[in-house]
Amino acid sequence: MTKPPKPAICFDLDGTLVDTAPDLAGAMNAVLAHFGRPRVETDAVRDMVGYGARRTIEKGLALTGGGSAAMVDEGLPLFLEHYAANICDQSRPWDGVEAVLDALADEAVLSICTNKPEALACALVDALGWRERFAAIVGGDTLTMKKPDPQHLTETIRRSGGDPERAVFVGDSSADSRAADAAGVPFVLLTCGYADIPLSEMVAAERVPSFDRLPDALRRAAPAIW
0 MTKPPKPAIC
10 FDLDGTLVDT
20 APDLAGAMNA
30 VLAHFGRPRV
40 ETDAVRDMVG
50 YGARRTIEKG
60 LALTGGGSAA
70 MVDEGLPLFL
80 EHYAANICDQ
90 SRPWDGVEAV
100 LDALADEAVL
110 SICTNKPEAL
120 ACALVDALGW
130 RERFAAIVGG
140 DTLTMKKPDP
150 QHLTETIRRS
160 GGDPERAVFV
170 GDSSADSRAA
180 DAAGVPFVLL
190 TCGYADIPLS
200 EMVAAERVPS
210 FDRLPDALRR
220 AAPAIW
């Protein structure tokens, strides 16, 4: 009898595994300074994350007086250059993340599905010393689509060696929730992350306020795959 593949656990990155808002705020403020705009606080940037750098810049410009598509085009390389140079200056994993990843490693295949550009996602993971923890890291520019497109999620799971029918996705934003719902993959919502809409509006099989609650939530979300 063929042994079924290990369960696949796919994670979003920003706001789910790592509190990256301080360094993203630094990049956002570099763009705003370029346009003579006031700075934004880190907490404000947490509400701008989830759909990629371009959307983050759009929201930052909107918050400080508005901006055109041409301004976003001009600001994007500034944002990416600043962020790449400071990718893990102040970013830190949420409490308990590494212990949970270690606990899950023997029984599941782990991957990252993020709208962050792949090179930046890999640079952050490398800076944290996490590369060996994940079987696949798929960024927002790796494929021709990104979250909330469900194929971004299912292809990440497949690249990790997992099966989307034996998978769970862990995230914090509407892009994550929408991708999981469309893919038919059970979703666990980390409620301490970067929610861009009210938490009550996100479809989730389970909701957890912190990582120490995650292992039990994964089993409740998809009991048949364990």
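Numbered per numbering that gives the first Met the number 0, the sequence shown spans residues 0 to 225. Note that CB positions come from ideal geometry on N, CA and C, so glycine has one too. Quick caveat, the model's predicted, so the values are computed rather than measured.
Contact under 8 Å by Cβ, residue i with residue j
i, j, result
"Asp194", "Ala220", "Checking the sequence shown, residue 194 turns out to be Ala, not Asp. No. Outside cutoff."
"Ala181", "Thr155", "no"
"Ile8", "Leu142", "no"
"Leu60", "Val71", "yes"
"Leu127", "Cys87", "yes"
"Ser43", "His81", "Here residue 43 turns out to be Ala, not Ser, going by the sequence shown. Not in contact: Ala43 and His81 (Cβ atoms no closer than 8 Å)."
"Pro3", "Arg157", "no"
"Asp18", "Arg91", "yes"
"His151", "Ala122", "no"
"Asp94", "Val48", "no"
"Val99", "Leu213", "yes"
Exposure of residue i, with buried meaning 16 or more beta-carbon neighbours within 10 Å
i, result
"Val202", "exposed"
"Thr153", "buried"
"Lys145", "buried"
"Arg45", "buried"
"Ala118", "exposed"
"Ala24", "buried"
"Ser67", "exposed"
"Trp225", "exposed"
"Asp101", "exposed"
"Gly183", "exposed"
"Ala52", "buried"
"Pro6", "buried"
"Gly64", "exposed"
"Ser176", "buried"
"Asp11", "buried"
"Pro222", "exposed"
6 Å CB neighbourhood of residue i in its chain, flanking five on each side removed
i, result
"Gly74", "Val30, Ile56"
Same chain, Cβ closer than 7 Å to residue i, neighbours up to 5 away in sequence not counted
i, result
"Gln89", "Pro21, Asp22"
"His33", "Gly74, Leu77"
"Gly138", "Thr113, Lys115, Pro116, Glu117, Ala120"
"Thr15", "Val169, Gly170, Asp171, Leu189, Gly192"
"Asp140", "Pro116, Glu117"
"Arg36", "Thr63, Gly64"
For residue i: DSSP bridge partner residues
i, result
"Ala204", "According to DSSP, Ala204 bridges with nothing at all."
"Arg158", "In the DSSP output, where bridge partners are listed per residue, Arg158 has none listed."
"Arg91", "Asp18"
"Cys112", "Val137"
"Ile8", "Leu109, Val167"
"Asp13", "Val17"
"Val187", "Val169, Glu205"
Anticipated Cβ contact below 8 Å, residue i with residue j, distance rounded
i, j, result
"Gly192", "Asp171", "3 Å"
"Gly161", "Val124", "With 8 Å as the limit, Gly161 and Val124 do not qualify as a contact, their Cβ atoms being about 18 Å apart."
"Ala174", "Pro147", "5 Å"
"Phe206", "Leu188", "Looking at the sequence itself, residue 206 is Arg, so the reference to Phe does not match. Right, their Cβ atoms sit about 5 Å apart."
Check: residue i C-beta below 7 Å from any heavy atom of the ligand GDP
i, result
"Lys2", "Looking at this structure, you won't find the ligand GDP or any other ligand, since it has none at all."
Sequence-distant residues of the same chain with beta carbon closer than 8 Å to residue i, five excluded per side
i, result
"Ser228", "Only positions 0 to 225 of the chain appear in the structure, and residue 228 is not among them; the question remains open."
"Arg54", "Met47"
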